[in-house]
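Numbering of the sequence shown is given in the UniProt record's numbering, commencing with residue 1 and proceeding in unit increments.
Glycine included, every Cβ here is placed at the ideal spot set by N, Cα and C.
All of these numbers come straight from a predicted model, not from anything done at the bench.
Down below is the structure, laid out as structure tokens.
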Amino acid sequence: MKTVRLTTAQALVRFLNQQYLWTDGEEIPFVTGVFHIFGHGNVLGIGQALQENPGRLQVIQGKNEQGMAHAAVAFARQSLRRKIWAVTTSVGPGSANLVTAAATAMANNIPVLLLPSDTFASRQPDPVLQQIEQEYSVAITTNDSLRPVSRYWDRITRPQQLMSSLIRAFEVLTNPALAGPVTLCICQDVQGEAFDFDERFFNKRVHYLERRTPTERELNQAISLIRKSRRPLIIVGGGAKYSGAAEVLMELSRKHQIPLAETQAGKSTVPSSFENNLGGIGVTGTRAANEIAAQADLIIGVGTRYTDFTTSSKTAFAWPQAAFLNINVNRMQTYKMDGAQVVADAKAALKAIADQLGDYRSNYGDQIARIRDKWWAERERLEKVRFKREGFTPEIEGQFSQKEMNEYADALGTELTQTAALLALNRAVPVNSVIVGAAGSLPGDLQRLWHTDAANGYHVEYGYSCMGYEIAGALGAKLAEPDREVYSLVGDGSFLMLHSELVTALQHGYKINVVVFDNSGFGCISNLQMEHGMPSYGCEFRDRDGRVMNIDYVKVAEGYGAKAYRVRTLEELEQAIHEAVEDDVSTLIEIKVLPKTMTKGYLNWWNVGVPEAAANPKVVLATAKHKEMAKEAKMY
């Protein structure tokens with residue numbers, strides 16, 4: 001056996017360079033690069049190995065551990081899970097900062113390799129700087145907090161353990177059914193320890209992403225259910241996008257007159273302009289999709305997890321008449337909603353169904369076209385809604401008074417509504433753009449209103465709805481698709497939570513466009529309060545004298561070195577987008593918008609925890625109504 005003497009960290013870097021993914025006849029390098037913040041525990045281990053010989057790996061310095069991990073997650077997602085970045089952090093706080101990003105990756109089934117440093121395997125010195133001490137076990141470290149949010153977790157305490165651990169890690173990272181975060185905690189003394197590794201360990205490794213096809217039994221059951229149905233509906237989830245199922249979805253839909261509805265993860269799999277695409281479904285869905293969902297007798301879920309937002313907390317469908325047919329590579333997901341299970345790749349399963357469905361056609365007739373046209377008319381109406389100083393009625397329930405609305409207009413120096421600004425932005429950005437979003441009221445407006453015919457042009461993280469993902473996510477999307485304009489659509493609350501990777505984008509020359517919708521508060525949660533009888537409380541950005549805060553985000557961006565634009569009118573917005581496209585550095589566009597001017601819900605309901613006792617009679621009444629609706633929710 002021929003060996004090579006390397007430190008554990010050097011062996012890790014060499015191994016990462018040799019991993020490839022094969023799918024549909026194409027072979028590509030699987031690990032693109034490594035995000036890092038060097039500190040205690042990794043700077044003299046993985047840091048030294050990358051400085052000495054990174055191979056073909058790109059190396060990017062992050063600014064916040066959570067942020068750079070979000071960027072790695074977004075990169076893998078935008079790459080349809082066929083490429084990844086690794087992330088290395090220091091011991092203690094650096095490792096702890098990964099937890100939120102790991103949970104985001106876990107919720108969305110996105111592969112990412114996390115390499116947090118750990119305390120000394122030798123336990124000498126002990127306790128080391130940044131070590132957590134627990135009375136019941138000296139083996140517990142900060143990194144144990146990553147166990148529940150990792151698809152695979154391991155601690156490397158000897159150099160030779162790296163070999164078996166990495167092979168297991170990459171089995172998980174390249175497995176579509178188990179895709180998610182992998183965490184390898186490497187003790188800081190072990191990173192620098194040398195070992196005589198078998199040279200064969202560093203041979204080129206190809207991981208094969210095979211398309212699992214449905215069994216004959218699964219296929220026959222699926223065909224039977226569809227043929228028996230009169231009003232089927234296909235829900236297009238993220239698994240359909242990752243599988244590349246767009247063409248077969250449109251073929252099935254067009255030939256058999258089956259409407260499509262989209263989850264947040266599935267949106268932009270099929271073009272918005274496709275004649276049978278009814279748009280988003282559920283709590284943040286369109287009236288068209290939710291109206292059809294309530295009538296459908298068969299729900300065909302393709303690559304969806306059936307989250308509560310997709311199902312309107314399991315009230316969106318015609319129970320018990322509606323049956324469910326679930327197509328997913330993950331067996332657990334196929335069991336949801338007590339559905340018939342097809343454990344298979346989305347594209348392969350749909351193609352097999354299409355080949356055998358024959359001349360079947362639904363009974364919708366021209367209803368799909370009529371209901372879609374009606375929704376587009378509603379979209380046009382929303383675009384024309386304008387604020388008025390007297391007699392203005394917001395679209396959503398739980399509104400501010402006219403006096404409060406006028407106060408915001410004066411404080412922010414704007415009369416722009418969020419829906420009008422968003423639809424104007426949709427018209428102005430280049431057609432091949434990628435938009436990135438995550439939290440607040442924007443995901444609801446985006447799923448309902450954003451029109452894109454660009455494949456994979458819609459990147460909204462809503463599996464975890466993680467505030468702070470948006471700007472780091474835009475950097476990750478840009479790394480994946482450097483030739484497309486990438487826009488981070490972020491509320492002011494999310495911007496304040498985490499925007500440090502804007503500096504990383506500027507530092508490394510990856511142009512992103514940050515569009516800040518500033519309504520001076522956590523508007524989405526204020527809406528939730530007021531819709532359930534509460535006054536707005538603890539969600540507005542007001543100073544100690546009670547005045548609405550007007551934060552200058554343009555100055556923040558300019559201080560970092562970005563090009564920045566102030567927008568108060570639709571004309572200024574269009575001009576800013578036009579100029580920003582020509583800029584070669586990252587940009588920030590600050591749009592002051594009025595609160596309570598986002599879209600309302602359409603035929604939807606969301607089950608949230610409500611107070612069963614309250615002094616406020618409005619809260620008591622809202623709770624009673626909520627409890628009545630909860631009786632409609634099913635427990636599958």
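Have a look at Leu423, Ala9, Ser272 and flag the residue whose alpha-carbon is nearest the alpha-carbon of methionine 598.
Among Leu423, Ala9, Ser272, the Cα nearest to that of methionine 598 belongs to Leu423.
Going straight from the alpha carbon of alanine 352 to that of alanine 340, what length do you get?
16 Å
Over the uninterrupted alpha helix (DSSP H) stretch that includes threonine 334, give me the two end residues.
Looking at the DSSP string, the run of the alpha helix (DSSP H) that includes threonine 334 is 331-334.
Inter-residue CB distance, valine 490 and glutamate 461 (contact presumed, cutoff 8 Å):
12 Å between Cβ atoms; not a contact.
Give me the residue from Glu540, Gly476, Pro214 with the minimum Cα distance to valine 112.
Gly476
For alanine 564, report the span of its alpha helix (DSSP H) as first-last.
Element bounds for alanine 564: not the alpha helix (DSSP H) but the beta strand (DSSP E), 563-567.
Serine 586 vs alanine 562 beta-carbon contact at 7 Å:
Remark: C-beta atoms of serine 586 and alanine 562 approach each other more closely than 7 Å.
Could you give the residue range of the beta strand (DSSP E) that holds proline 181?
For proline 181, the enclosing beta strand (DSSP E) has its first and last residue at 181-187.
My output table needs one value for isoleucine 299: the three-state DSSP class, helix, strand or coil.
strand
Segment contact, 8 Å Cβ cut-off, at least three pairs: the segment 532-542 with the segment 371-389
Because the criterion of three Cβ pairs below 8 Å is not met, the segment 532-542 and the segment 371-389 do not touch.
By DSSP, does threonine 286 sit in helix, in strand, or in coil?
It is coil, neither helix nor strand.
Which of the three DSSP states is assigned to proline 111 in this structure?
Proline 111 falls in the coil class under three-state DSSP.
Go to isoleucine 156, then tell me how far its beta strand (DSSP E) extends in each direction, as first and last residue.
From DSSP, the beta strand (DSSP E) with isoleucine 156 extends over 152-156.
Enclosing beta strand (DSSP E) for asparagine 604 [first to last residue]
Premise fails: asparagine 604 is in no beta strand (DSSP E) and is neither H nor E.
With 16 other Cβ atoms within 10 Å as the buried cut-off, status of threonine 393
exposed
Once you ignore the five residues that flank alanine 288 on each side, which residues in its own chain have a CB closer than 8 Å to its CB?
In chain order, Leu278, Gly279, Ile371, Arg372, Lys374, Trp375 place their CB closer than 8 Å to the CB of alanine 288, counting only its own chain and leaving out the 5 sequence neighbours on each side.
Exposure label - glutamate 540; buried when at least 16 CB within 10 Å:
buried
If you reduce the DSSP assignment to three classes, tell me which class valine 91 lands in.
Looking at valine 91 - three-state DSSP - the assignment turns out to be coil, as it is neither helix nor strand.
Should aspartate 297 and arginine 230 be called a contact, given that it needs their Cβ atoms to be closer than 7 Å?
yes
Using a Cβ distance threshold of 8 Å, determine whether the segment 209-225 contacts the segment 10-19, with at least three qualifying pairs required.
no
I need the boundaries of the alpha helix (DSSP H) containing tryptophan 319, first residue and last residue.
Where tryptophan 319 is concerned, there is no enclosing alpha helix (DSSP H), given that its DSSP letter is neither H nor E.
Test item: CB-CB of glycine 538 and proline 595 under 7 Å
No, Cβ-Cβ distance for glycine 538 and proline 595 is not below 7 Å.
Could you tell me if leucine 621 is buried or exposed, where buried requires 16 or more neighbouring beta carbons within 10 angstroms of its beta carbon?
exposed
Cα-Cα separation, aspartate 366 to lysine 255
If I take the Cα positions, the gap works out to 14 Å.
Using the C-alpha atoms, what's the distance from serine 520 back to alanine 438?
18 Å
In this structure, how does DSSP classify histidine 40 when only helix, strand and coil are distinguished?
coil
Contact the segment 212-228 vs the segment 139-147: 3+ CB pairs below 8 Å
Pairwise C-beta distances place the segment 212-228 out of contact with the segment 139-147, as fewer than three of them are shorter than 8 Å.
Closer than 8 Å by C-beta to arginine 547: which residues in its own chain qualify, once you throw out the five before and the five after it? Chain order, please.
Ala411
Give the C-beta separation of glycine 67 and leucine 498 to the nearest angstrom, bearing in mind that I take them to be a contact with Cβ-Cβ under 8 Å.
6 Å
Roughly how many angstroms lie between the CA atoms of serine 150 and alanine 265, to the nearest whole one?
Alanine 265 has its alpha-carbon roughly 20 Å from the corresponding atom of serine 150.
Rounding to the nearest angstrom, what Cα-Cα distance links leucine 50 and isoleucine 60 in this structure?
11 Å
For leucine 260 and threonine 88, I'd like the C-alpha separation in whole angstroms.
Just so you know, the alpha carbons of leucine 260 and threonine 88 end up roughly 41 Å apart.
Please go through the same chain and pick out, in chain order, the residues whose beta-carbon is closer than 6 Å to the beta-carbon of threonine 574, but skip the five residues on each side of it.
One point to set straight first is that residue 574 is glutamate, not threonine, in the sequence displayed. If we look at glutamate 574 and ignore the five residues flanking it on each side, its Cβ neighbours are Ala428.
Complete runs of the beta strand (DSSP E) confined to the segment 320-390 [at least 3 residues]
Entirely contained in the segment 320-390, the beta strand (DSSP E) runs reaching 3 residues are, in chain order, 323-328, 340-343.
With respect to the beta strand (DSSP E) encompassing asparagine 277, which residues constitute its N-terminal and C-terminal limits?
277-280
Would threonine 141 pass as a contact of threonine 119 if the rule is Cβ separation under 7 Å?
yes
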